[in-house]
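To start, the structure itself, in structure tokens.
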Amino acid sequence: SKRGLLGPAHPSTLSSIGNLASTYRTQGRWKEAEDLGVQVIEMSLRVLGQEYPDTLTGIANLAETYWHQGRWKEAEELGVQVRETRTRVLGHEHPDTLTSIANLAVTYWELLV
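With positions in the sequence shown counted from 1, the corresponding number in my numbering is that position plus 2.
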């Protein structure tokens, strides 16, 4: 396994765990997706830092997990964090920034209805 060969904090290991969380999200296995997503974010923040692209992707993916469960406030908090960081690091017009803005807009819409 990558975890044993590369170690639990290696970016490839974190990416593999994130991919498994994505598979669980696709299958509607929300608790398992959430648990792995939190694990990836915690390790990514510690090893890679807040501004690393994979860290932000992990946070955005956890927001999506919350979004699919109707946990709008939690999704909003993470979405704001991702949007603010991507805007600061990548700029207003970067595709990843625009995606985070669109995701946050959907979250705000769901909070209103």
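Backbone N, C-alpha and C define an ideal beta-carbon position, used for all residues, glycine too. Just so we're clear, the structure is a prediction, and the values are computed from it rather than from any experiment.
Terminal residues of the alpha helix (DSSP H) in which residue i lies
{"i": "glycine 93", "result": "Unbroken run through glycine 93: none, as it is neither H nor E."}
{"i": "glutamate 112", "result": "97-114"}
{"i": "glutamine 29", "result": "Taken as a continuous stretch (DSSP letters only), glutamine 29 belongs to no alpha helix (DSSP H), as it is neither H nor E."}
{"i": "alanine 65", "result": "55-70"}
Anticipated Cβ contact below 8 Å, residue i with residue j, distance rounded
{"i": "valine 42", "j": "glycine 20", "result": "5 Å"}
Per-residue burial, residue i [other beta carbons within 10 Å of its own, 16 or more giving buried]
{"i": "arginine 27", "result": "buried"}
{"i": "serine 14", "result": "exposed"}
{"i": "alanine 11", "result": "exposed"}
{"i": "tryptophan 74", "result": "buried"}
{"i": "tyrosine 110", "result": "exposed"}
{"i": "glutamate 66", "result": "buried"}
{"i": "leucine 113", "result": "exposed"}
Quick check: the segment 47-58 against the segment 83-99, are at least 3 beta-carbon pairs closer than 8 Å? Counting Cβ pairs under 8 Å, three or more are found: they touch.
Using a Cβ distance threshold of 8 Å, determine whether the segment 101-111 contacts the segment 76-84, with at least three qualifying pairs required. yes
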